[in-house]
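Colleague: Have a look at this one before I ask anything.
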Amino acid sequence: MVLTVGTDYHNHRGGVGAVIEVYSQYYEVFKFIPTHKTGTSFSKSFVFLKSLFVLAGKLISDKEIKIVHIHGASYGSFYRKFVVFFISKYLFGKKVIYHMHGGGFQIFFNKSNFISKKLIKFLFAKSDTVICLSQSWIKYYSENFRTKSLVELANIIDYPVKGTVPSNGDVITFLFLGLICKEKGIFDLVNVIAKNKSRYSGRVKLKIGGNGEVKKLQEIIRENQIEDIVEFLGWITSDKKANVLNDATIYILPSYHEGLPISILESMSYGKPIIATRVGGIPEIVKDRENGLLINPGDFKQIQQSLDYFIENPEIIRKYGALSEQMVQKFLPHSVLNELEIIYKSVLENE
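In structure tokens form, the structure reads like this:
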């Protein structure tokens, strides 16, 4: 009875694709239409236009579909999903759930022009349910938008595939996974390591997985001669992620904007302490001095202090990691899918 619409989850390159991929694995019948795939501007436009024809055909031919569950974010994603929302609700009369991802939405809305803000408010007001990722986003949306129904649903992650944790001696391995860009704070982190390379050499290893401004990252590593400390792994595919997470000691994400990062949740499921910034829903899952450390975005001093804290107090790594593993249970499939089923039933009952 549900048609899911969002970015392609096959060979995905982001958190939304990761969420949809997990959903797809736990439904015997998973009806899905991709509106976006990685590629050139032309190929992306073609995929989107094709998705609209497929959407119309699906809603005409499949009479079982009652709900269109749209996964959206900011900027281009919002405008694509607005078209899907309008077609689904006003041309075919379907119930629409708008599942909001993306930590930069507040900035996107504030920078939008008058017409775009009207479209955003219209979508929020007319969707049958708006799903967001944390209590902090519930507060923001409830204070700034009118909605029929606004609910929190945890980002789903799959069950961890744990293996033997390698012994790296006294070296602490920090891991970053995500888009290589300023907004994720990765250049801040690498610059801190570069300024303290004599201190961290032989004591710290930073492994970076992702895509984006790769050349800029590699230039910083090369120019500062920190190849012995910082290793760029490239994009980490789903089949390699378990090995990378098992190998890590601590996960770090010094991002400037976030919703509820999948990478943090996945790392917690593998029993890792977390270093992250006080943005979005992160403070709801990372408790300072309990399962990790919270820092302010762009604060080089706090980044250094957080690295030093674990170097100087290695005995608390296991304790923090164990609490991470306990706290992440509500994000695993058995919990999230049960809550999602309740949301679906509630939407259908309000016909």
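Quick note: the sequence shown, position 105, residue 105 per my numbering, numbers continuous.
Idealized CB from N, CA, C, for every residue including glycine.
Computed from a predicted structure; not experimentally measured.
1) Determine the direct distance from the alpha carbon of Val192 to that of Phe176, and round the result to whole angstroms.
2) Using a Cβ-Cβ cut-off of 8 Å (strictly less than) and excluding sequence neighbours within five positions of Asn296, which residues of its own chain qualify?
3) Compute the beta-carbon to beta-carbon distance between Val47 and Lys37, rounded to the nearest angstrom, for a pair I have assumed lies under 8 Å.
4) On the CB-based measure, 16 or more other CB atoms within 10 Å of its CB, does Leu49 come out buried or exposed?
5) How is Glu231 classed by DSSP in three states: helix, strand or coil?
6) Out of curiosity, what's the CA-to-CA distance linking Phe78 and Leu59?
7) Write down every uninterrupted run of the alpha helix (DSSP H) in the segment 189-268 whose length is 4 residues or greater and which is fully enclosed by it, in chain order.
8) Rank Lys240, Lys205, Tyr200 and Phe187 by C-alpha distance to the C-alpha of Lys215 and give the top, closest one.
9) Mind listing, in chain order, the continuous alpha helix (DSSP H) runs of no fewer than 4 residues lying wholly within the segment 107-156?
10) DSSP has Asp288 in a bridge; who is on the other side?
11) For Leu3, which residues from the same chain have a beta carbon less than 6 Å from its beta carbon, with the 5 sequence-adjacent residues on both sides left out?
12) For His69, does the three-state DSSP call read helix, strand or coil?
13) Could you tell me the alpha carbon to alpha carbon distance between Gly76 and Lys240, rounded to whole angstroms?
14) Three or more C-beta pairs under 8 Å: does that hold for the segment 311-324 against the segment 266-273?
15) With 16 other CB atoms within 10 Å as the buried threshold, where does Leu91 fall?
16) On the CB-based measure, 16 or more other CB atoms within 10 Å of its CB, does His386 come out buried or exposed?
17) By Cβ distance, which residues of its chain are closer than 6 Å to Ile208, with the 5 residues on each side in sequence left out?
18) What did DSSP end up calling Pro34 once you bin it into helix, strand or coil?
Modeller: With the given structure in hand:
1) Going by the C-alpha atoms only, they are around 14 Å apart.
2) So the list reads Thr277, Arg278 and Gln302, once near-sequence residues are dropped.
3) For a cut-off of 8 Å, the C-beta gap from Val47 to Lys37 is around 5 Å, short enough to register as a contact.
4) Leu49 sits exposed, since fewer than 16 C-beta atoms from the chains shown fall within 10 Å of its C-beta.
5) The DSSP-derived three-state label of Glu231 is strand.
6) One C-alpha to the other measures close to 21 Å.
7) Within the segment 189-268, the complete alpha helix (DSSP H) segments of 4 residues or longer fall at 197-200, 214-223 and 238-247, listed in chain order.
8) Selected option, being the one with the closest Cα: Phe187.
9) Note on the segment 107-156: whole alpha helix (DSSP H) runs with a minimum of 4 residues are 114-126 and 135-144, in chain order.
10) As computed with DSSP, Asp288 is found in a beta bridge with Gly292.
11) Closer than 6 Å at Cβ, skipping near neighbours: Lys31, Ile65 and Val68.
12) In the structure shown, His69 sits in a strand (DSSP, three-state: E or B).
13) Between the C-alpha atoms of Gly76 and Lys240 there is a straight-line separation of about 29 Å.
14) Yes: the two stretches touch, three or more of their Cβ pairs being nearer than 8 Å.
15) In this structure Leu91 is exposed. Its beta-carbon is surrounded by fewer than 16 other beta-carbon atoms within 10 angstroms.
16) With the chain running from 1 to 351 in the structure shown, residue 386 is simply not present.
17) If we look at Ile208 and ignore the five residues flanking it on each side, its Cβ neighbours are Phe176 and Phe232.
18) The answer is strand: DSSP assigns Pro34 an E or B state.
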